[in-house]
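*Asks:*
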Amino acid sequence: MKTVLVTGASGFLGWNVSRYCPPDWRIVGTYHLHRDGLFPKSEYVQLDLTDKNQIWRVLKNVKPDAVFHLAACSSTNYCEENPDETYPVNVTATANLAEMCADRHVCLVFTSSEQVFDGSRDYYSETDLPDPRNEYGKQKSEAEARIMTIYPEAAIARISVLYGPSSQVAPGFLQEWLDAWQKFFPVTAFHDEFRTFLSSASAVEGLFTLLNQGASGIFHLGGANPFSRYDFALLARDIFQLPVAPIESRSQREVEMPAYRPPRLLLNNAKIAGIGFRPRHARDELQNLAKEILLPPLFSEN
Ligand SMILES: NC(=O)c1ccc[n+]([C@@H]2O[C@H](COP(=O)([O-])OP(=O)(O)OC[C@H]3O[C@@H](n4cnc5c(N)ncnc54)[C@H](OP(=O)(O)O)[C@@H]3O)[C@@H](O)[C@H]2O)c1
């Protein structure tokens, strides 16, 4: 059985990689500060990516066939306010890891973001040039460029906003909505922020497609269809059968945020479809999820 080292396995996507891992791959995951809530079936090691020696030691001990590099300071607002703290994790550590993977001929798949784009056009393709408008997007864009220089055989998945099941340590936004709705708290959702929301199950399938196909270069990985956050909330509420769950529609302008977020960031999936992976419609994905994430019956019957 082959081994994939998953950095950031304690995070939202890392937890989902363990959950949806195909049976022919063994996962060794890394965590940094959060040991609690790790997905039980995988093995784990602690890693601080800002310490180059630790990265080297983990690669030497685990001897992975491949690395999914997911670990990051992933909050757009936190990056904006703390660039000096987040740059070494998002950029320097990524470049260090790419160098070590290149030296050892270990396959590398890195997760980037649609935030590398400025939002000035519809449906971005891989040939469109990045023009990030916030610090997180700048760091991701620089990390991509460093990887492509150091290790052009690596694959980079630019991912849209993710939804799916999660641990309590790293809940995704959907879990936060469901938690709020169960207490009958309203969720606030922008009606003017559009994304190709992607299910975590699809994201994991996409990452393993890149790995199994030996893909190199940049690939976009977004959901099959675009939604505003508000419309996505309406769809989720409908599918989870919570008709009276409160949703507050807001405009981006009404909520002060440290980082600018382009209102419209949609990813075109044609390239990854060409190597065999096509994300499913959000309605189908949410229906599958509603079978996985069981809500307390009292509320769902209201
Ligand atoms: N979630 C999304 O919607 C989304 C969308 C597009 C792209 N992405 C990208 O996908 C990747 C995974 O995102 P996510 O949502 O799973 O992020 P997340 O939940 O914030 O998890 C971040 C992970 O990085 C680890 N980490 C942070 N600093 C570290 C350090 N110094 N050394 C080692 N590990 C460190 C954390 O470990 P501890 O918690 O143990 O400290 C955690 O496991 C990221 O690269 C993110 O930018 C995510």
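Under this note's numbering, the first residue of the sequence shown is numbered 0, with each subsequent residue one higher. Where a beta carbon is used, it is the ideal one built from N, C-alpha and C, also for glycine.
(1) Just to confirm, are Ile54 and Leu4 a CB contact at a threshold of 8 Å?
(2) Check Gly205 in the structure and name its three-state DSSP category.
(3) Which of helix, strand or coil does DSSP assign to Arg18?
(4) Count the other CB atoms, across all protein chains shown, that sit within 10 Å of the CB of Phe196; report buried if there are 16 or more and exposed otherwise.
(5) So Ile158 and Ala202 are supposed to be a Cβ contact under 8 Å. How far apart are they, rounded?
(6) Is Thr75 near ligand 1, with its Cβ less than 7 Å from a heavy atom?
(7) Where does Leu297 sit, in a helix, a strand or coil, going by DSSP?
(8) From the DSSP secondary-structure annotation, give me the bridge partner or partners of Ala154.
(9) Quick check: the Cα distance between Tyr43 and Arg18, rounded to an integer number of angstroms?
(10) Count Cβ pairs between the segment 173–188 and the segment 205–219 that sit closer than 8 Å; are there 3 or more?
(11) Kindly give me the distance between the Cβ atoms of Ile246 and Val186, rounded to whole angstroms, as I take these residues to be in contact under 8 Å.
(12) If you draw a straight line from the alpha carbon of Ile271 to that of Leu107, how long is it in whole angstroms?
(13) Of the residues Glu79, Gly36, Ala92 and Pro82, which one's Cα is nearest the Cα of Ser52?
(14) So, are the CB atoms of Leu48 and Ala70 less than 8 Å apart?
(15) Could you tell me which of Ile217, Ser165 and Thr29 sits nearest to Ser56, measuring between CA atoms?
(16) By how many angstroms is the C-alpha of Ala289 removed from the C-alpha of Phe298?
(17) Under the criterion of a Cβ to heavy atom distance below 7 Å, does His219 qualify as lining ligand 1?
(18) Just to confirm before moving on: does the CB-CB distance between Ala232 and Ile149 stay below 8 Å?
(19) So Leu37 and Ser9 are supposed to be a Cβ contact under 8 Å. How far apart are they, rounded?
(20) Give the DSSP-derived three-state secondary structure of Gly36 in the structure shown.
(21) Does ligand 1 have even one heavy atom less than 7 Å from the beta-carbon of Thr2?
(22) Measuring only the C-alpha atoms, how far is Glu192 from Pro21?
*Replies:* Quick answer:
(1) What you label residue 54 is simply residue 55 of the sequence shown in a count that begins at 1. What you label residue 4 is simply residue 5 of the sequence shown in a count that begins at 1. Not a contact, by the Cβ cut-off of 8 Å.
(2) The residue you call residue 205 lines up with position 206 of the sequence shown. Correct three-state label for Gly205: helix.
(3) Here residue 18 is taken as the residue at index 19 of the sequence shown, counted from 1. Of the three classes helix, strand and coil, the one that applies to Arg18 here is helix, per DSSP.
(4) Within the sequence shown, the letter at position 197 stands for residue 196. It is buried - the Cβ of Phe196 has at least 16 other Cβ atoms within 10 Å.
(5) For this step, residue 158 is matched to residue 159 along the sequence shown. For this step, residue 202 is matched to residue 203 along the sequence shown. Contact flag correct, Cβ pair sits at about 6 Å.
(6) As a first step, residue 75 is located in the sequence shown; it is residue number 76 there, counting from the start. No - ligand 1 has no heavy atom lying nearer than 7 Å to the Cβ of Thr75.
(7) For this step, residue 297 is matched to residue 298 along the sequence shown. Residue confidence is low: Leu297 scores 37 on pLDDT, short of 50, so the model does not pin down where it sits. Its coordinate-derived value is still stated next. Residue state, collapsed to three classes: helix.
(8) Position 155 of the sequence shown holds residue 154. Paired residues: Val108 and Gly216.
(9) Here residue 43 refers to the residue found at position 44 of the sequence shown. Here residue 18 refers to the residue found at position 19 of the sequence shown. When rounded, the distance between both Cα atoms is 14 Å.
(10) no
(11) Sequence index remark: in the sequence shown, residue 246 carries index 247 (1-based). Sequence index remark: in the sequence shown, residue 186 carries index 187 (1-based). The pair is a contact, with the Cβ atoms about 6 Å apart (cut-off 8 Å).
(12) On the sequence shown, residue 271 is found 272 positions in, with the first residue counted as 1. On the sequence shown, residue 107 is found 108 positions in, with the first residue counted as 1. Looking at the two C-alpha atoms, the distance is approximately 17 Å.
(13) On the sequence shown, position 53 is the one that residue 52 refers to. Before going on, a small fix: residue 52 reads as Asn here, not Ser. It is Ala92.
(14) As a working mapping, residue 48 is identified with position 49 in the sequence shown. As a working mapping, residue 70 is identified with position 71 in the sequence shown. Yes, the pair counts as a contact, with Cβ atoms nearer than the cut-off.
(15) Reading the sequence shown from its first residue, position 57 is the one you call residue 56. Looking at the sequence itself, residue 56 is Arg, so the reference to Ser does not match. Comparing Cα-Cα distances from Arg56 to each of Ile217, Ser165 and Thr29, the minimum goes to Thr29.
(16) Locating residue 298 in the sequence shown gives position 299, where the first residue counts as 1. Locating residue 289 in the sequence shown gives position 290, where the first residue counts as 1. Its pLDDT being 41, under 50, Phe298 is placed unreliably in this model, and the coordinates cannot settle the point.
(17) As a working mapping, residue 219 is identified with position 220 in the sequence shown. It does not: the Cβ of His219 is nowhere closer than 7 Å to a heavy atom of ligand 1.
(18) Here the question's residue 232 lines up with position 233 in the sequence shown. Here the question's residue 149 lines up with position 150 in the sequence shown. Going by C-beta atoms, Ala232 is not nearer than 8 Å to Ile149.
(19) What you label residue 37 is simply residue 38 of the sequence shown in a count that begins at 1. What you label residue 9 is simply residue 10 of the sequence shown in a count that begins at 1. Between Ser9 and Leu37 the Cβ distance is about 6 Å, and since that is below 8 Å, they are a contact.
(20) Position 37 of the sequence shown, counting from 1, holds the residue named residue 36. Here Gly36 carries a coil assignment [DSSP, helix/strand/coil].
(21) In the sequence shown, the residue the question calls residue 2 occupies position 3. Not under cutoff, so the answer is no.
(22) Along the sequence shown, one-based indexing puts residue 192 at 193. Along the sequence shown, one-based indexing puts residue 21 at 22. Each residue's alpha carbon lies about 33 Å from the other.
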